[in-house]
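Q: Here you go, one structure.
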Amino acid sequence: MANDVVGLDVVGLGRGQLSLISQIGESKFSYCLTFEYNGCPFQDIGRFSTALLFGSAAELNGIGVQSTMVINNTVLPKLNGYYHLSVEGITLGNVSLNIPRGSFDIQANESGGFIIDSGTHYTVLPHAAFTAVVSVLDSVLWLPRANDSKAGLSVCYSSPYYDYIPDVNMTFHMLGADYVVDGEHNFVQYRESGPTKIGYLLCLAMLDMDEASVAGVPTVLGSFQQQDYHILYDNAKQRLSFTPTLCRSLYMSSYPSYLQSKVPVPILGCHILLPLLLLYFVAFSLTV
1 MANDVVGLDV VGLGRGQLSL ISQIGESKFS YCLTFEYNGC PFQDIGRFST
51 ALLFGSAAEL NGIGVQSTMV INNTVLPKLN GYYHLSVEGI TLGNVSLNIP
101 RGSFDIQANE SGGFIIDSGT HYTVLPHAAF TAVVSVLDSV LWLPRANDSK
151 AGLSVCYSSP YYDYIPDVNM TFHMLGADYV VDGEHNFVQY RESGPTKIGY
201 LLCLAMLDMD EASVAGVPTV LGSFQQQDYH ILYDNAKQRL SFTPTLCRSL
251 YMSSYPSYLQ SKVPVPILGC HILLPLLLLY FVAFSLTV
């Protein structure tokens, strides 16, 4: 493929017989989704491809690796192509959310459950869990709720700062593991629109299952909340393993050494670039 051609396709990596990994005879694969710089005016800075590894290259070892079981959907076996996980609850910051017991279990009426899916962008929560998250955020954030919404995200806050991301972690308590999503991967920032509006919208990067008109489907851990995690799927052992990782570094290391110098690397992100630009203009103004 020519260097100036960009493609967008979907690769099937489920547990079904027609998926790519089933057809190539591999039981293990891993990926590490690179982080989208949040609220950055220079959106082209920091865009990386994602490392996708198969077989022995997909090993995940070292300190900080956690594992949980991939469970079977015994109620509706045809959905076993998805990666179902056992989730017991959610903690936001230090607050254990008041979510009805069994909210993430597969129900006898074929609804419910909890899956991890890289093809779904934002995490989708059942209504009770979503409202519990919002209730805690309303009590701990000093920002006022905004009337506007962006990109289908219904819960937004008005912020005067372009790079303010609340340091509020969300922990999904899985069977034998805790999957922690930091604040930077729970919010998306937009510039407020309108002639009288100055500031930014800070929106919760999650969807209410009821508002999204997808009631009855499983809870989904989406790709936005998977960023900067190296995630390993081991179908032979029915196990999902993960560890926090700077994914752009993994992407670089996946190239042969003689190609690594040719991989485009963003040198500066917004949090570094903007202050340096400001210092440059101040220094320039003092010399003229």
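According to the UniProt record's numbering, the residues represented by the sequence shown are 1 to 288, in order. From the three backbone atoms N, C-alpha and C, an ideal C-beta is built for every residue, glycine too.
#1: Classify Thr123 as helix, strand or coil using the three-state DSSP reduction.
#2: Quick check on DSSP: helix, strand or coil for Glu59?
#3: According to DSSP, which residues form a beta bridge with Gln107?
#4: Near Phe187, what residues of its chain come up, given a Cβ to Cβ distance below 8 Å and the 5 sequence neighbours on each side ignored?
#5: In this structure, how does DSSP classify Phe35 when only helix, strand and coil are distinguished?
#6: Taking only the alpha-carbon atoms, compute the straight-line gap between Gln238 and Ile99 and give it to the nearest angstrom.
#7: Decide yes or no for the touch test of the region 167 to 181 against the region 84 to 96: beta carbon pairs closer than 8 Å, at least 3 of them.
#8: Output the distance between the C-alpha atoms of Ile115 and Phe224, rounded to the nearest integer angstrom.
#9: Which runs of the alpha helix (DSSP H) fall wholly inside the region 112 to 188 and span at least 4 residues, in chain order?
#10: Measuring alpha carbon to alpha carbon, tell me which residue in Thr243, Gly81, Arg248 is nearest Gly62.
#11: Check whether the Cβ atoms of Leu52 and Phe35 sit closer than 8 Å, and answer yes or no.
#12: Helix, strand or coil: how does DSSP classify Arg248 here?
#13: Who are the Cβ neighbours of Thr245 in its own chain at under 7 Å, not counting the five residues just before and after it?
#14: Opposite Arg239 in the DSSP bridges: which residues?
#15: Going by other Cβ atoms of all chains shown within 10 Å of its Cβ, with 16 needed for buried, is Cys107 buried or exposed?
#16: Can you list, in chain order, the residues of its chain with a C-beta nearer than 6 Å to that of Leu26? Leave out the 5 residues immediately preceding and following it.
#17: Here's the rule: buried if 16 or more other CB atoms are within 10 angstroms of the residue's CB, otherwise exposed. What is Arg191?
#18: Would you call the CB atoms of Thr68 and Leu240 closer than 8 Å?
#19: Straight-line CA distance for Ala57 to Thr50?
#20: Between the Cα of Tyr179 and those of Ser158, Tyr161, Leu221, Ala146, spot the shortest distance and give me the residue it belongs to.
A: Concretely, from the data shown:
#1: Against the sequence shown, residue 123 aligns to sequence position 123. Strand, per DSSP.
#2: Taking the sequence shown and counting its residues from 1, the one referred to as residue 59 is at position 59. If DSSP states are grouped into helix, strand and coil, Glu59 belongs with coil.
#3: Here residue 107 is taken as the residue at index 107 of the sequence shown, counted from 1. Paired residues: none, contrary to the question.
#4: Counting from 1 along the sequence shown, the entry for residue 187 is found at position 187. Only Asn38, Ile165, Pro166, Leu202, Cys203, Leu204, Ala205 meet the Cβ criterion.
#5: Residue mapping note: residue 35 aligns to position 35 of the sequence shown, counting from 1. DSSP places Phe35 in coil when its eight states are reduced to three.
#6: Position 238 of the sequence shown, counted from the first residue, corresponds to residue 238. Position 99 of the sequence shown, counted from the first residue, corresponds to residue 99. Answer to the nearest angstrom: the Cα atoms are 27 Å apart.
#7: yes
#8: Numbered from 1 along the sequence shown, position 115 holds the residue referred to as residue 115. Numbered from 1 along the sequence shown, position 224 holds the residue referred to as residue 224. Answer to the nearest angstrom: the Cα atoms are 14 Å apart.
#9: 127 to 140
#10: Here residue 62 is taken as the residue at index 62 of the sequence shown, counted from 1. That would be Thr243, whose Cα lies nearest to the Cα of Gly62.
#11: The residue labelled residue 52 in the question sits at position 52 within the sequence shown. The residue labelled residue 35 in the question sits at position 35 within the sequence shown. Against a cut-off of 8 Å, the Cβ pair of Phe35 and Leu52 comes out as no contact.
#12: Your numbering for residue 248 matches position 248 in the sequence shown. Of the three classes helix, strand and coil, the one that applies to Arg248 here is helix, per DSSP.
#13: Position 245 of the sequence shown, counted from the start, is the residue given in the question as residue 245. The residues are Cys32, Asp228, Tyr229, His230.
#14: Sequence index remark: in the sequence shown, residue 239 carries index 239 (1-based). Partner(s): Met69, Asp234.
#15: In the sequence shown, residue 107 corresponds to position 107, counting from 1. The sequence given here places Gln at residue 107; Cys does not occur at that position. Gln107 comes out exposed.
#16: Reading the sequence shown from its first residue, position 26 is the one you call residue 26. The residue asked about is misnamed: residue 26 is Glu in this sequence, not Leu. Only Phe54, Gly55 meet the Cβ criterion.
#17: For the purposes of this step, residue 191 is identified with residue 191 of the sequence shown, where counting begins at 1. The residue is exposed, with fewer than 16 neighbouring Cβ atoms inside 10 Å.
#18: Numbered from 1 along the sequence shown, position 68 holds the residue referred to as residue 68. Numbered from 1 along the sequence shown, position 240 holds the residue referred to as residue 240. Cβ distance < 8 Å, so Thr68 and Leu240 count as in contact.
#19: Counting from one through the sequence shown, the residue named residue 57 turns up at place 57. Counting from one through the sequence shown, the residue named residue 50 turns up at place 50. Spanning the two alpha carbons is a distance of roughly 14 Å.
#20: Position 179 of the sequence shown, counting from 1, holds the residue named residue 179. If we check each option's Cα against that of Tyr179, Leu221 comes out closest.
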